[in-house]
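**Q** Note that our numbering has the sequence shown beginning at 6, numbered continuously upward.
Positions of the beta carbon are idealized from the N, C-alpha and C atoms, including for glycine.
Note that the structure is predicted; figures quoted are calculated from it, not measured.
After the structure tokens below, expect a handful of questions from me.
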Amino acid sequence: MLRHFLLALLLLLYSGCSTSQPAVASWYHTPPRDTSTTLYGVGEGVDLASAKAMALSQIAHSISMTLESRYDKRDQSIRFNTQEQTLQEIEHHITTQAQTLHVTEVHIDNEQWVSGRLYLLVHIERNKLYAEEKRLLEERLKAHRRRIEQTAAHSALEQFVQLQRFHDDLNELQNRMTLLHAIDATRDTSSYRREIETYEDRYEAQKKALRLKIVADEKSRGFKQIIAQKLSALGINVDSSGADGTIVLTLQSKKEQLSGYYIEQCRLHVNCRDADAVGVASRDYVLVGTSRIDFSQSYHDCVQQFALEVTQEGIFKSLGF
Numbered sequence: 006m007l008r009h010f011l012l013a014l015l016l017l018l019y020s021g022c023s024t025s026q027p028a029v030a031s032w033y034h035t036p037p038r039d040t041s042t043t044l045y046g047v048g049e050g051v052d053l054a055s056a057k058a059m060a061l062s063q064i065a066h067s068i069s070m071t072l073e074s075r076y077d078k079r080d081q082s083i084r085f086n087t088q089e090q091t092l093q094e095i096e097h098h099i100t101t102q103a104q105t106l107h108v109t110e111v112h113i114d115n116e117q118w119v120s121g122r123l124y125l126l127v128h129i130e131r132n133k134l135y136a137e138e139k140r141l142l143e144e145r146l147k148a149h150r151r152r153i154e155q156t157a158a159h160s161a162l163e164q165f166v167q168l169q170r171f172h173d174d175l176n177e178l179q180n181r182m183t184l185l186h187a188i189d190a191t192r193d194t195s196s197y198r199r200e201i202e203t204y205e206d207r208y209e210a211q212k213k214a215l216r217l218k219i220v221a222d223e224k225s226r227g228f229k230q231i232i233a234q235k236l237s238a239l240g241i242n243v244d245s246s247g248a249d250g251t252i253v254l255t256l257q258s259k260k261e262q263l264s265g266y267y268i269e270q271c272r273l274h275v276n277c278r279d280a281d282a283v284g285v286a287s288r289d290y291v292l293v294g295t296s297r298i299d300f301s302q303s304y305h306d307c308v309q310q311f312a313l314e315v316t317q318e319g320i321f322k323s324l325g326f
């Protein structure tokens with residue numbers, strides 16, 4: 006009797022293990038090819054949201070890959086936004102941009118549940134995706150255009166600072182424009198390219214023409230050197246004329262020795278004035294340097310802290326703009 010029971014149990018277990026799992030549909034492994042009007046993607050996940058997110062990520066990746074044809078694979082690097090960038094860097098930027106596609110409508114063509122996971126085939130329409138990305142690009146350009154127009158009557162220094170902010174966004178705008186072309190290569194995006202290039206040329210021209218002076222007492226010499234280095238790195242002329250503006254540094258310091266440490270508190274005030282000596286920006290810093298050697302080392306510690314902040318924030322934000 007026990008023998009018959011064990012045999013029946015083994016047969017039951019064998020029949021359970023041999024039950025075949027449903028196969029994932031062929032449309033998942035071989036989805037339709039993209040067309041001139043439609044982009045397809047497949048994805049899987051534990052629920053609808055995760056499966057759809059994976060499918061959209063695949064579409065974004067597919068779009069970024071089409072951009073490879075825009076560059077000559079034999080070229081190791083190209084000139085872009087006045088900086089040398091390798092092909093791999095450009096493709097990385099474009100791929101990152103593609104991951105932020107603004108998709109308003111996603112159509113589900115097929116879905117299948119297999120072993121607790123949802124498999125999807127989705128598509129989006131090129132023209133709607135293009136229209137949304139175009140709208141967002143135009144909004145960004147319009148906002149920058151408005152801010153630059155608002156500073157037209159301001160000093161050359163203030164105008165340049167605004168152009169500098171716009172210049173920092175040029176790579177993203179250029180990538181976004183290139184992304185538009187990848188979504189629909191039949192559309193003309195040359196007007197966006199010309200506008201972006203115009204701002205780039207204007208930025209370069211004003212940068213070469215700008216003349217700034219830094220005024221600092223002996224105590225502020227270390228901080229003056231940091232600011233001069235950062236401005237020079239951007240290609241801005243720092244000379245004694247100060248034809249377009251002056252950066253004035255004043256420093257108050259407090260020193261004390263405590264438990265074998267040399268401690269110096271540096272209160273730095275940065276004041277930026279235009280060519281008419283009118284204040285246009287300012288910034289205050291409180292820096293505390295310590296050293297076991299002497300006060301010159303604790304002062305150097307304060308300067309290094311300032312240099313780090315300038316590097317992290319950018320020179321013009323550090324000046325109070």
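Could you check where the alpha helix (DSSP H) with I133 kicks off and where it finishes?
**A** Along the sequence shown, one-based indexing puts residue 133 at 128. In the sequence under discussion, the amino acid at residue 133 is Lys, which differs from the Ile named in the question. Looking at the DSSP string, the run of the alpha helix (DSSP H) that includes K133 is 131 to 155.
**Q** In chain order, what are the residue ranges of uninterrupted beta strand (DSSP E) at least 3 long that sit wholly in the segment 210 to 292?
**A** 216 to 221, 250 to 263, 266 to 279
**Q** Straight-line CA distance for Q88 to I153?
**A** For the purposes of this step, residue 88 is identified with residue 83 of the sequence shown, where counting begins at 1. For the purposes of this step, residue 153 is identified with residue 148 of the sequence shown, where counting begins at 1. Because the pLDDT at Q88 is just 46, under 50, the model does not fix this residue reliably, and the value given afterwards should be weighed accordingly. Distance between the alpha carbons of Q88 and I153 is about 23 Å.
**Q** Could you tell me the distance, in whole angstroms, from the CA atom of Q257 to the CA atom of L313?
**A** The residue labelled residue 257 in the question sits at position 252 within the sequence shown. The residue labelled residue 313 in the question sits at position 308 within the sequence shown. Approximately 20 Å, taken between the alpha carbons.
**Q** Under a Cβ-count criterion, where at least 16 other Cβ atoms within 10 Å of its own Cβ denotes burial, should A282 be classed as buried or exposed?
**A** Start at 1 with the first residue of the sequence shown, and residue 282 comes out as number 277. Exposed, since its Cβ has fewer than 16 Cβ neighbours within 10 Å.
**Q** According to DSSP, simplified to helix, strand and coil, what is L313?
**A** The sequence position of residue 313 within the sequence shown is 308, counting from 1. L313: helix per DSSP, three-state reduction.
**Q** Tell me the rounded alpha-carbon separation between I231 and E209.
**A** Along the sequence shown, read from residue 1 onward, the residue named residue 231 stands at position 226. Along the sequence shown, read from residue 1 onward, the residue named residue 209 stands at position 204. For I231 and E209, the distance between alpha carbons rounds to 22 Å.
**Q** Rounded to whole angstroms, what is the Cα-Cα separation between T40 and T191?
**A** Position 35 of the sequence shown, counted from the first residue, corresponds to residue 40. Position 186 of the sequence shown, counted from the first residue, corresponds to residue 191. Those two C-alpha atoms are separated by around 13 Å.
**Q** Return the CA-CA distance between T183 and E110, expressed in angstroms with no decimal places.
**A** What you label residue 183 is simply residue 178 of the sequence shown in a count that begins at 1. What you label residue 110 is simply residue 105 of the sequence shown in a count that begins at 1. Using only the alpha carbons, I get a separation of about 22 Å.
**Q** Drop a sphere of 10 angstroms on the beta-carbon of A56, count the other beta-carbons inside from all chains shown, and report buried for 16 or more, exposed for fewer.
**A** Counting from one through the sequence shown, the residue named residue 56 turns up at place 51. Buried, since its Cβ has 16 or more Cβ neighbours within 10 Å.
**Q** Can E269 and F300 be called in contact, C-beta distance under 8 Å?
**A** Counted from its first residue, the sequence shown places residue 269 at position 264. Counted from its first residue, the sequence shown places residue 300 at position 295. The criterion of a C-beta distance shorter than 8 Å is satisfied by E269 and F300.
**Q** What are the start and end residues of the alpha helix (DSSP H) that includes H186?
**A** Residue numbering aside, residue 186 sits at position 181 when the sequence shown is read from its first letter. Element bounds for H186: 175 to 188.
**Q** Cα separation between D173 and Q302?
**A** For the purposes of this step, residue 173 is identified with residue 168 of the sequence shown, where counting begins at 1. For the purposes of this step, residue 302 is identified with residue 297 of the sequence shown, where counting begins at 1. If I take the Cα positions, the gap works out to 35 Å.
**Q** Who are L53's beta bridge partners in DSSP?
**A** By 1-based counting over the sequence shown, the position of residue 53 is 48. Looking at the DSSP assignment, L53 forms no beta bridge with any residue, so it has no partner.
**Q** For G250, does the count of other Cβ atoms within 10 angstroms reach 16, so buried, or fall short, so exposed?
**A** Indexing the sequence shown from 1 puts residue 250 at position 245. It counts as buried.
**Q** Just grab the DSSP bridge partners of L44 for me.
**A** Taking the sequence shown and counting its residues from 1, the one referred to as residue 44 is at position 39. I129, per the DSSP bridge assignment.
**Q** Thinking C-beta only, is E163 closer than 8 Å to D244?
**A** Your numbering for residue 244 matches position 239 in the sequence shown. Your numbering for residue 163 matches position 158 in the sequence shown. Result no, Cβ atoms of D244 and E163 do not sit closer than 8 Å.
**Q** Would you mind reading off the limits of the beta strand (DSSP E) that contains I113?
**A** On the sequence shown, residue 113 is found 108 positions in, with the first residue counted as 1. 112 to 119 is the span of the beta strand (DSSP E), which, as asked, contains I113.
**Q** In the structure shown, what three-state DSSP assignment does R122 receive?
**A** Translated into positions along the sequence shown, residue 122 becomes position 117. Three-state DSSP puts R122 in a strand.
**Q** Tell me whether S2 sits in a helix, a strand or coil according to DSSP, three-state version.
**A** The first residue shown for the chain is 6 and the last is 326, placing residue 2 beyond what the model contains.
**Q** With DSSP collapsed to three states, give me the class of S296.
**A** The sequence position of residue 296 within the sequence shown is 291, counting from 1. It is a strand residue.
**Q** Counting only the same chain and skipping the five closest in sequence on each side, list residues whose C-beta sits under 8 Å from that of Q211.
**A** Counting from one through the sequence shown, the residue named residue 211 turns up at place 206. Only A161, Q164, F165, L168 meet the Cβ criterion.
**Q** Going by other Cβ atoms of all chains shown within 10 Å of its Cβ, with 16 needed for buried, is E318 buried or exposed?
**A** For the purposes of this step, residue 318 is taken as residue 313 along the sequence shown, with counting starting at 1. Exposed is the call here.
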